[in-house]
Each structure stands twice: as structure tokens, then as C-alpha cells.
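Q: In our numbering, the protein residues as written are 556 to 691.
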Amino acid sequence: MFQDVVAINRCLDEEDRSTALFRMLDQDQPAFAVKCSRFMDDHLLESGEYDLFLKYNREVKSFLEQRISRNEEWKTYPANDSRWRRESIERFDARLVKTTLTLAKLMEDKGDPTLAMELKAMTAKVIPDPRLTPGK
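1) Based on Cα-Cα distance, which residue from S624, F594, D571 and C591 lies nearest to G603?
2) Between the segment 595-612 and the segment 559-579, do three or more beta carbon pairs fall short of 8 Å?
3) In whole angstroms, what is the alpha-carbon distance linking D581 and F557?
4) Our contact map puts V561 next to F594 with C-beta atoms below 8 Å; I'd like the distance itself, whole angstroms only.
5) Report, in whole angstroms, the separation of the C-beta atoms of M677 and I623, which I expect to be a contact under 8 Å.
6) As a quick exercise: from N626, A588 and A659, pick the residue whose alpha carbon is nearest that of K675.
7) Could you tell me which of F618, R641 and K665 sits nearest to T655, measuring between CA atoms?
8) Which ranges does the alpha helix (DSSP H) cover as unbroken runs of at least 4 residues, wholly within the segment 648-681, from first to last along the chain?
9) Label A586 either buried or exposed according to how many other C-beta atoms from any shown protein chain fall within 10 Å of its C-beta, with 16 as the threshold for buried.
10) Please report the Cβ distance between I682 and L651, rounded to the nearest whole angstrom; I am assuming they are in contact, meaning their Cβ atoms lie under 8 Å.
11) On the DSSP letters alone, give me the boundaries of the alpha helix (DSSP H) that D559 sits inside.
12) Taking the C-alpha atoms as reference points, what is the distance between M672 and A575?
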């Protein structure tokens, strides 16, 4: 049900309402918030709610590994080589790079530049993007 609320708010361009609801769950029903957190991950990162994101995703490296795996798995689904499919892959790759860069910056800000470089290197193995190279 929470996933539906998040999707509706996204369609209405009112994702902040999802954040407010999630914050309320975090305070009042933490066990349920754990179950709902995966539906909020992207929005929490995109909206700068880093502390709340990290509360539910302490293993940032594992989180990114799962994202990379899901992204690569989607590319293996049998489908025709349509323009729509190519554009979808480009969108998914761009989102993964954006997520990686956000997580890397977050880890740098938290004082862990080594993990930041590891995160970039993980994604660079599957997506050749110059922003993922060391020193960027």
C-alpha cells in the first residue's frame, strides 16, 4: 500500500508528501518504516534526505551493488532492439550514474573518500562514464 502512495504522489509531483508520511512512520511505526524504506530510497537521495536514507541503508556499498545488479539484469531481458529499449537503457544507466555520484559525494562528506572511490569504480565497471573516474 505504501508503494501505491509513493507512486501516486510521484505522479502528482508531490513527493514531499511521501517524505512527510515516511518521516511519520519512522517516528511512530519504525518496524513498518523498515518495510517501506525501499520505496523511498531514490526520493530520499534526490531530495537530500541523506541522514534518513542512511538510517535505512547503512551498507551503502551493498545498496549500490543491488542497484547495479538490477540495472544489468534488466539489460538481459529478451526484447527487440527497439528505440524505446535503447532509450530506456540509457535512462536507467543515467539514473545509476546519478545515484552513484550522489552516494560517492555523501561518503566523501561523511569522511570516507576510499568508499566514495570504490562506489564510483563499481559502477564504472558496467557504465563507462568519465565522471566515475578517480579524481572526479
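Positions of the beta carbon are idealized from the N, C-alpha and C atoms, including for glycine.
A: To lay it out plainly:
1) D571
2) Touching, yes, given that three or more Cβ pairs across the two stretches are closer than 8 Å.
3) 13 Å
4) 5 Å
5) 6 Å
6) When only C-alpha atoms are compared, the closest one is A659.
7) Out of F618, R641 and K665, the CA that lies nearest to the CA of T655 is found in F618.
8) 668-679
9) exposed
10) Rounded to whole angstroms, the Cβ separation of I682 and L651 is 6 Å, and the two are in contact under 8 Å.
11) F557 to C566
12) 32 Å
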